[in-house]
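Asks: Residue numbers (this note's numbering): 1 to 410.
Structure provided below as structure tokens; questions to follow.
Below, the structure written as structure tokens:
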């Protein structure tokens, strides 16, 4: 348990196919919830689920460390849905007063959590709502003012707007989930999150589930402030990166990056590709340049209006869009199967982002390839990446065919 000045860790190795993890049948879940889990094709729990559910289903706070792709979203959603199905409320309920509040750092992640929650609660009458920026404000406000909400998933800024206008009231929150706390800290959202946490009941009177991929002193302080005697669960992957992903690095001059990318896209059979860039302006410029040279692509970044981003993601999921250019913030919420290649057009400044980027491919047991471009501007990031993933990357140089002159723009 995490006590005010004393932490002990419960650690395990992540192996989603581990035979010693219990089945979901063993958790005494509501038949409606259990049926939905089985209909989604899940029978065996993942390590983060098997380690956290025994605590959270009993109402305990937890502080959990788990990477994207380990099943952490289902871990907290199963507990939240089970709570709502089995814990009756005697007092009258009012619109805009959720029982469960889930805070996420990005719109894409919040919408993904909402979609997962609706799938898990498909056989129930629970009402689920997401509040994110870039979507129709009035429609969200109308739902808050006319519906009884069970699970509310939100990004901090948009929710704070509704709290300040008294459209959302958090004094009846029974479970507070803070997802990707490290990312919220990095993005400067903690002041808004703090204001929202203070609107919920005191930690003695709510259950708090705190998730973060990494822990540093700042994140640890937040966990202590917002949880009460929390159980600590740490799930460390046996391999930091998915072994289904082949990782390659092209050592290339900055001036030849685009030529190499164009020839790779044209000459090799890449079916569904995400290209990552570090900044919005770089992402926009690269997408425009690819389009000028006849490569059909779209982009998502923080500057793209949300409805357009959702249309772009839908097109990418259905195969109408072959190449997607993205920033890290926008790319964090992309969960699309059968992505054949991830390209790091520029290496991330944070090695953790490298792991998140290449985790977009090689999902659901599929093979994938990560291609990184390392130039004189960013090659110094490679030692940090190798230190984090615990392995040496495969270095390559481009042959003449891959550096063939560009054609005329279309």
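Think of the CB as a built atom: it goes at the ideal place given N, C-alpha and C, for glycine as much as any other residue.
The structure displayed is predicted, hence computed values, not measured ones.
Please name the residue in 252, 283 and 291 whose C-alpha comes closest to that of residue 266.
Replies: The residue given as residue 266 occupies position 266 in the chain shown. Out of 252, 283 and 291, 291 has the C-alpha closest to the C-alpha of residue 266.
Asks: Whole-angstrom Cβ separation of residue 163 and residue 170, contact assumed at under 8 angstroms?
Replies: Walking along the chain shown from the start, residue 163 turns up at place 163. Walking along the chain shown from the start, residue 170 turns up at place 170. That belief holds up - the Cβ atoms of residue 163 and residue 170 are roughly 7 angstroms apart, short of 8 angstroms.
Asks: Beta-carbon separation of residue 349 and residue 277 under 8 angstroms?
Replies: Counted from its first residue, the chain shown places residue 349 at position 349. Counted from its first residue, the chain shown places residue 277 at position 277. Cβ atoms of residue 349 and residue 277: not closer than 8 angstroms.
Asks: What residues are listed by DSSP as bridge partners for residue 344?
Replies: Locating residue 344 in the chain shown gives position 344, where the first residue counts as 1. Answer by DSSP bridge pairing, in chain order: 276 and 372.
Asks: When the distance is taken between beta carbons, is residue 176 closer than 8 angstroms to residue 200?
Replies: As a working mapping, residue 200 is identified with position 200 in the chain shown. As a working mapping, residue 176 is identified with position 176 in the chain shown. Result yes, Cβ atoms of residue 200 and residue 176 sit closer than 8 angstroms.
Asks: Near residue 375, what residues of its chain come up, given a Cβ to Cβ distance below 7 angstroms and the 5 sequence neighbours on each side ignored?
Replies: On the chain shown, position 375 is the one that residue 375 refers to. The residues are 252, 253, 254 and 257.
Asks: Considering only C-alpha positions, which residue in the set 84, 341 and 50 is nearest to residue 362?
Replies: Stepping through the chain shown from its first residue, residue 362 is reached at position 362. Selected option, being the one with the closest Cα: 341.
Asks: Give the DSSP-derived three-state secondary structure of residue 229 in the structure shown.
Replies: Position 229 of the chain shown, counted from the start, is the residue given in the question as residue 229. In the structure shown, residue 229 sits in coil (DSSP, three-state: anything other than H, G, I, E or B).
Asks: For residue 85, which residues in the same chain have their Cβ closer than 8 angstroms to its Cβ, ignoring the five residues on either side in sequence?
Replies: Against the chain shown, residue 85 aligns to sequence position 85. Cβ neighbours of residue 85 beyond the five flanking positions: 30, 32, 33, 124 and 126.
Asks: So does the stretch 174-189 actually touch the stretch 101-114, counting three or more Cβ pairs closer than 8 angstroms?
Replies: These segments touch.
Asks: Who does residue 297 pair with in a DSSP beta bridge?
Replies: Indexing the chain shown from 1 puts residue 297 at position 297. Paired residue(s): 323.
Asks: For the candidate residues 233, 299 and 316, whose alpha-carbon lies nearest to that of residue 65?
Replies: Taking the chain shown and counting its residues from 1, the one referred to as residue 65 is at position 65. Residue 233 is the option with its Cα nearest to residue 65.
Asks: Could you check if residue 247 is buried or exposed, using at least 16 other CB atoms within 10 Å of its CB as the buried criterion?
Replies: By 1-based counting over the chain shown, the position of residue 247 is 247. By the 10 Å Cβ count, residue 247 comes out buried.
Asks: Going by the beta-carbon positions, is the gap between residue 396 and residue 250 smaller than 8 angstroms?
Replies: The residue given as residue 396 occupies position 396 in the chain shown. The residue given as residue 250 occupies position 250 in the chain shown. Result yes, Cβ atoms of residue 396 and residue 250 sit closer than 8 angstroms.
Asks: Should residue 148 be labelled buried (16 or more other beta-carbon atoms within 10 Å of its own) or exposed?
Replies: Taking the first residue of the chain shown as position 1, residue 148 is located at position 148. Residue 148 should be labelled exposed.
Asks: What does the alpha-carbon distance come out to for the pair residue 72 and residue 222?
Replies: Counted from its first residue, the chain shown places residue 72 at position 72. Counted from its first residue, the chain shown places residue 222 at position 222. Rounded to whole angstroms, residue 72 to residue 222 spans 19 angstroms at the Cα level.
Asks: With respect to 7 angstroms, is the separation between the Cβ of residue 46 and the closest non-hydrogen atom of the ligand ADP below this value?
Replies: Of the ligands one can find in the structure shown there are none, so the ligand ADP has no counterpart to examine.
Asks: How long is the line joining the alpha carbons of residue 103 and residue 405, rounded to whole angstroms?
Replies: Position 103 of the chain shown holds residue 103. Position 405 of the chain shown holds residue 405. Looking at the two C-alpha atoms, the distance is approximately 48 angstroms.
Asks: Could you round the C-beta distance between residue 185 and residue 219 to whole angstroms and report it? I think they count as a contact, below 8 angstroms.
Replies: For this step, residue 185 is matched to residue 185 along the chain shown. For this step, residue 219 is matched to residue 219 along the chain shown. Their Cβ separation, rounded to whole angstroms, is 6 angstroms, which keeps residue 185 and residue 219 in contact under 8 angstroms.
Asks: Per DSSP, residue 211 forms a beta bridge with which residues?
Replies: Position 211 of the chain shown holds residue 211. Paired residue(s): 64.
Asks: If distances are taken between C-alpha atoms only, which option among 129, 154, 134 and 150 comes closest to residue 142?
Replies: Position 142 of the chain shown holds residue 142. The residue with the shortest Cα to Cα distance from residue 142 is 129.
Asks: Buried or exposed: which applies to residue 303, given that a residue is buried once 16 or more other Cβ atoms fall within 10 Å of its Cβ?
Replies: By 1-based counting over the chain shown, the position of residue 303 is 303. Answer is exposed; the Cβ neighbour count stays below 16.
Asks: Output the distance between the C-alpha atoms of residue 370 and residue 133, rounded to the nearest integer angstrom.
Replies: Position 370 of the chain shown, counted from the first residue, corresponds to residue 370. Position 133 of the chain shown, counted from the first residue, corresponds to residue 133. Roughly 31 angstroms separates the two Cα atoms.
Asks: For residue 366, which residues of its own chain have a beta-carbon under 8 angstroms away from its beta-carbon, when the five flanking residues on both sides are left out?
Replies: In the chain shown, residue 366 corresponds to position 366, counting from 1. If we look at residue 366 and ignore the five residues flanking it on each side, its Cβ neighbours are 244, 337 and 338.
Asks: Under the rule that 16 or more other beta-carbon atoms within 10 Å means buried, what is residue 17, buried or exposed?
Replies: The residue labelled residue 17 in the question sits at position 17 within the chain shown. With a pLDDT of 41 at residue 17, under the threshold of 50, the modelled position of that residue is not reliable, and no figure is offered here.
Asks: Which residues mark the beginning and the end of the alpha helix (DSSP H) in which residue 339 is found?
Replies: Looking up residue 339 in the chain shown gives position 339. Taken as a continuous stretch (DSSP letters only), residue 339 belongs to no alpha helix (DSSP H), as it is neither H nor E.
Asks: Is DSSP giving residue 396 helix, strand or coil here?
Replies: The residue you call residue 396 lines up with position 396 of the chain shown. Looking at residue 396 - three-state DSSP - the assignment turns out to be strand.
Asks: Taking only the alpha-carbon atoms, compute the straight-line gap between residue 135 and residue 372 and give it to the nearest angstrom.
Replies: Here residue 135 corresponds to residue number 135 of the chain shown, with the count starting at 1. Here residue 372 corresponds to residue number 372 of the chain shown, with the count starting at 1. Answer to the nearest angstrom: the Cα atoms are 34 angstroms apart.
Asks: Just the C-alpha distance for residue 27 and residue 54, rounded to the nearest angstrom, thanks.
Replies: On the chain shown, residue 27 is found 27 positions in, with the first residue counted as 1. On the chain shown, residue 54 is found 54 positions in, with the first residue counted as 1. C-alpha separation (whole angstroms): 8 angstroms.
Asks: Per the DSSP calculation, residue 289 is bridged to which residue(s)?
Replies: By 1-based counting over the chain shown, the position of residue 289 is 289. Paired residues: none, contrary to the question.
Asks: Quick check on residue 177: does DSSP put it in helix, strand or coil?
Replies: Position 177 of the chain shown holds residue 177. Residue 177 falls in the strand class under three-state DSSP.
Asks: Below 8 angstroms on the Cβ atoms is my guess for residue 287 versus residue 343; work out the distance and round it to an integer in Å.
Replies: Here residue 287 is taken as the residue at index 287 of the chain shown, counted from 1. Here residue 343 is taken as the residue at index 343 of the chain shown, counted from 1. That belief does not hold up - the Cβ atoms of residue 287 and residue 343 are roughly 13 angstroms apart, past 8 angstroms.
Asks: Let me know if residue 268 comes out buried or exposed under the rule of 16 or more other beta-carbons within 10 Å of its beta-carbon.
Replies: Counting from one through the chain shown, the residue named residue 268 turns up at place 268. It is exposed - the Cβ of residue 268 has fewer than 16 other Cβ atoms within 10 Å.
Asks: Between residue 47 and residue 390, what straight-line distance do the alpha-carbon atoms span, to the nearest angstrom?
Replies: The residue labelled residue 47 in the question sits at position 47 within the chain shown. The residue labelled residue 390 in the question sits at position 390 within the chain shown. Roughly 21 angstroms between the two C-alpha positions.
Asks: Candidates 145, 174 and 206: which alpha carbon is nearest residue 165's?
Replies: As a working mapping, residue 165 is identified with position 165 in the chain shown. The shortest C-alpha separation from residue 165 is found at 145.
Asks: My assumption, with CB atoms under 8 angstroms, is that residue 25 sits in contact with residue 74. Please give the rounded CB distance.
Replies: As a position in the chain shown, residue 25 is number 25, starting the count at 1. As a position in the chain shown, residue 74 is number 74, starting the count at 1. At roughly 15 angstroms, the Cβ-Cβ gap does not stay under 8 angstroms, so residue 25 and residue 74 are not in contact.
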